[in-house]
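Those protein sequences? They're chains B and X, same order as listed.
Reminder that position 151 of the first sequence reads as 151 in UniProt numbering, one-by-one numbering, no gaps.
Reminder that position 92 of the second sequence reads as 92 in UniProt numbering, one-by-one numbering, no gaps.
Accompanying notes for the structure given below.
Protein chains: 2
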Amino acid sequence: MAKRKISNTLALAVLGLLQEQPMHPYEMATTLRERHKDSSFKVNSGSLYDTVESLVRHGWIEPVETARDGRRPERTVYAPTGLGQDEFVRWIDELLRTPVAEYPKFMAAVSYLGALGPERAAEALLERAGHLARRIEETNTVLADTVGSGQVPRLFMIEAECAVHAWEAELAWTRRTVAEIRDGSLFWPRAERTEQGWTWSAPGEEPVR
Amino acid sequence: MAKRKISNTLALAVLGLLQEQPMHPYEMATTLRERHKDSSFKVNSGSLYDTVESLVRHGWIEPVETARDGRRPERTVYAPTGLGQDEFVRWIDELLRTPVAEYPKFMAAVSYLGALGPERAAEALLERAGHLARRIEETNTVLADTVGSGQVPRLFMIEAECAVHAWEAELAWTRRTVAEIRDGSLFWPRAERTEQGWTWSAPGEEPVR
DNA sequence: TGTCGTATAGTCGGATCCGGCTACTAGGAT
DNA sequence: ATCCTAGTAGCCGGATCCGACTATACGACA
Chain B
1 MAKRKISNTL ALAVLGLLQE QPMHPYEMAT TLRERHKDSS FKVNSGSLYD
51 TVESLVRHGW IEPVETARDG RRPERTVYAP TGLGQDEFVR WIDELLRTPV
101 AEYPKFMAAV SYLGALGPER AAEALLERAG HLARRIEETN TVLADTVGSG
151 QVPRLFMIEA ECAVHAWEAE LAWTRRTVAE IRDGSLFWPR AERTEQGWTW
201 SAPGEEPVR
Chain X
1 MAKRKISNTL ALAVLGLLQE QPMHPYEMAT TLRERHKDSS FKVNSGSLYD
51 TVESLVRHGW IEPVETARDG RRPERTVYAP TGLGQDEFVR WIDELLRTPV
101 AEYPKFMAAV SYLGALGPER AAEALLERAG HLARRIEETN TVLADTVGSG
151 QVPRLFMIEA ECAVHAWEAE LAWTRRTVAE IRDGSLFWPR AERTEQGWTW
201 SAPGEEPVR
């Protein structure tokens, strides 16, 4: 599979908005925030203007008007090209079909969980669990206020359900791991350097205290 | 919370390896791959050399030797400084404690699931489910071959368990969503532009076919 | 009427990241 | 003898990304 010309998903968000109506970049940013899409896309104004320019270079969108309102800076309004409309759908299709490696920061830290020692690791994970629980709560509230009240169709906020599901899984794993550390079922070996390389104390022998 | 000087987690991997013994960058890369840590860290040789240099600039590691083996290019061997050893632990602690927004590509695509229409969306998600199931299987095999055979302590591969847990959750959500699309419980509104803005067909009215 | 905070709209320089490249060695295969 | 491939080690140009910044408009309020 050849590499995509554009990889930043913010471009996908831009394309998505322009399917509805022509827009200038600043309006894209505010619209994305209004619709809570800024939790799926990193909306940074600097990146946004770069992204839009890149989409123009690739012929996926084009400027349709440059208006000036009083003495405000002029706004360039963009619309998708035919190519852009096709690629929008193809891109979504591809992203859904094929999982790609993503290297989340949490995974990196878990890789070196051992370095903290059992007590500190358990404590840190427990704090994370609290944050996750709160975030789940907040997102469910947002869902209730929008989809729950019938203001927005469920399909248009489905990514929030997906995110909540993922956080719940992470929360469950985190709590389970804290429990395993505390009850000793996750054995904490004491690594030591010998002439041959590395050895670890085995379960039953003295663990780290 | 002030922004971290270094944010690329590859630097964390480097620090982790150097806790054990001094190493040159190329050896870091091969060691990370041997230990399957390349699924938690994006090990790209270009980035690796940049990262090492950045760690030197910040005083977290320092060159301890530049050896030349025959006429091969010379290798610079690095070791962590005292500061680097402290920061290693602090960084892990912080990454574990506080979840940060990560914008995975899948979430972006799910945000625009609607654009595919029900049949194509279900089909794409189903293909993803297959990939995820395979990846889970593969990782479990690796775990059985390493931790299961007692070659490596479970703690040193705990991130693989964490990843499997996350993929299983994603798989479950994906399958459930396919089912909901197919049995109609995830209503697919037909969006339309009117003079006032946008309106959607409500459940009960004609959905998209 | 001055000015303070917020919304509007976008620019820019520097940091980061990465794919593709060079250059050399060792060990078979032809 | 020569070629070919795989492994060892690192470098670099260009693309991308983002934080911090500029500049104007507008309503509130003292």
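By construction, the Cβ of each residue, glycine as well, lies at the ideal position given by its N, Cα and C atoms.
Next item on the list: For B/A11, collect the residues of the same chain with a Cβ closer than 6 Å to its Cβ; drop the 5 residues on either side in sequence, then sort them by chain order.
Entry: Within the first sequence, residue 11 of chain B is the residue found at index 11, counting from 1. Only T51 and L55 meet the Cβ criterion.
Check: Can you find at least 3 beta carbon pairs, one from the region 11-20 of chain X and one from the region 105-117 of chain B, that sit closer than 8 Å?
Finding: yes
Notebook entry, point to check: Measuring CB to CB, does X/D93 end up less than 9 Å from B/A124?
Noted result: By 1-based counting over the second sequence, the position of residue 93 of chain X is 93. By 1-based counting over the first sequence, the position of residue 124 of chain B is 124. Yes, these two residues count as a Cβ contact at 9 Å.
Notebook entry, point to check: Are X/L143 and X/A160 closer than 9 Å when you measure CB to CB?
Noted result: Position 143 of the second sequence, counted from the first residue, corresponds to residue 143 of chain X. Position 160 of the second sequence, counted from the first residue, corresponds to residue 160 of chain X. Judged by beta-carbon spacing, X/A160 lies within the 9 Å limit of X/L143, meaning their Cβ atoms are closer than that value.
Item checked: CB-CB length for X/L171 against X/A129, believed under 8 Å -> In the second sequence, residue 171 of chain X corresponds to position 171, counting from 1. In the second sequence, residue 129 of chain X corresponds to position 129, counting from 1. 6 Å between Cβ atoms; contact.
Check: Under 9 Å between C-beta atoms, does X/S40 make it to chain B?
Finding: If you number the second sequence from 1, residue 40 of chain X lands on position 40. Yes, X/S40 counts as interfacial toward chain B.
Margin query: So, with DSSP's three-state summary, where would you put X/Y103?
Written below: Counted from its first residue, the second sequence places residue 103 of chain X at position 103. Correct three-state label for X/Y103: coil.
Check: Does B/G16 get closer than 9 Å to chain X when you measure Cβ to Cβ?
Finding: In the first sequence, the residue the question calls residue 16 of chain B occupies position 16. Yes, B/G16 lies at the interface with chain X (some Cβ there is under 9 Å from its Cβ).
Notebook entry, point to check: Is it the case that the Cβ atoms of B/A79 and B/V100 are separated by a distance below 9 Å?
Noted result: Here residue 79 of chain B refers to the residue found at position 79 of the first sequence. Here residue 100 of chain B refers to the residue found at position 100 of the first sequence. In this structure, B/A79 lies away from B/V100, with their beta-carbon atoms at least 9 Å apart.
Notebook entry, point to check: In the DSSP assignment, what are the bridge partners of B/T76?
Noted result: Within the first sequence, numbered from 1, the residue matching residue 76 of chain B stands at position 76. Bridge partners of B/T76: B/T66.
Check: Would you say B/V100 reaches chain X, if we count a Cβ-Cβ gap shorter than 9 Å as a contact?
Finding: The residue labelled residue 100 of chain B in the question sits at position 100 within the first sequence. It does; some Cβ of chain X falls within 9 Å.
Margin query: Cβ closer than 7 Å: which chain B residues qualify as neighbours of X/S111?
Written below: Start at 1 with the first residue of the second sequence, and residue 111 of chain X comes out as number 111. One finds K37, S40 and E159 in chain B with Cβ atoms closer than 7 Å to the Cβ of X/S111, taken in chain order.
Next item on the list: Have a look at the DSSP bridge pairing and note the partners of X/M23.
Entry: What you label residue 23 of chain X is simply residue 23 of the second sequence in a count that begins at 1. Note: X/M23 sits in a beta bridge opposite X/Y78.
Checklist line | Minimum C-alpha distance to X/L38 - residue among X/T9, X/G117, X/E20 and X/L95 | finding: Position 38 of the second sequence, counting from 1, holds the residue named residue 38 of chain X. Going by the sequence as given, residue 38 of chain X is Asp instead of Leu. Minimum Cα-Cα distance from X/D38 among the listed residues X/T9, X/G117, X/E20 and X/L95 corresponds to X/T9.
Check: For B/I61, which beta-bridge partners are listed by DSSP?
Finding: Here residue 61 of chain B refers to the residue found at position 61 of the first sequence. DSSP output for B/I61 lists B/P80 as bridge partner(s).
Next item on the list: Please classify B/S40: does DSSP put it in a helix, a strand, or coil?
Entry: By 1-based counting over the first sequence, the position of residue 40 of chain B is 40. B/S40: coil per DSSP, three-state reduction.
Notebook entry, point to check: Cα separation between X/V152 and B/E87?
Noted result: For the purposes of this step, residue 152 of chain X is identified with residue 152 of the second sequence, where counting begins at 1. For the purposes of this step, residue 87 of chain B is identified with residue 87 of the first sequence, where counting begins at 1. Distance between the alpha carbons of X/V152 and B/E87: 46 Å.
Next item on the list: Let me know if B/Y112 comes out buried or exposed under the rule of 16 or more other beta-carbons within 10 Å of its beta-carbon.
Entry: Mapped onto the first sequence, residue 112 of chain B falls at position 112. Answer is buried; the Cβ neighbour count reaches 16.
Next item on the list: Check distances from the C-beta atoms of the region 116-143 of chain X to those of chain B and list, in chain order, the residues that come in under 8 Å.
Entry: L116, R120, A121, A124, L125, E127, R128, H131, L132 and R135
Next item on the list: Would you mind sorting X/A29 into buried or exposed? The rule is 16 or more other CB atoms within 10 Å of its CB.
Entry: By one-based count along the second sequence, residue 29 of chain X stands at place 29. So X/A29 ends up on the buried side.
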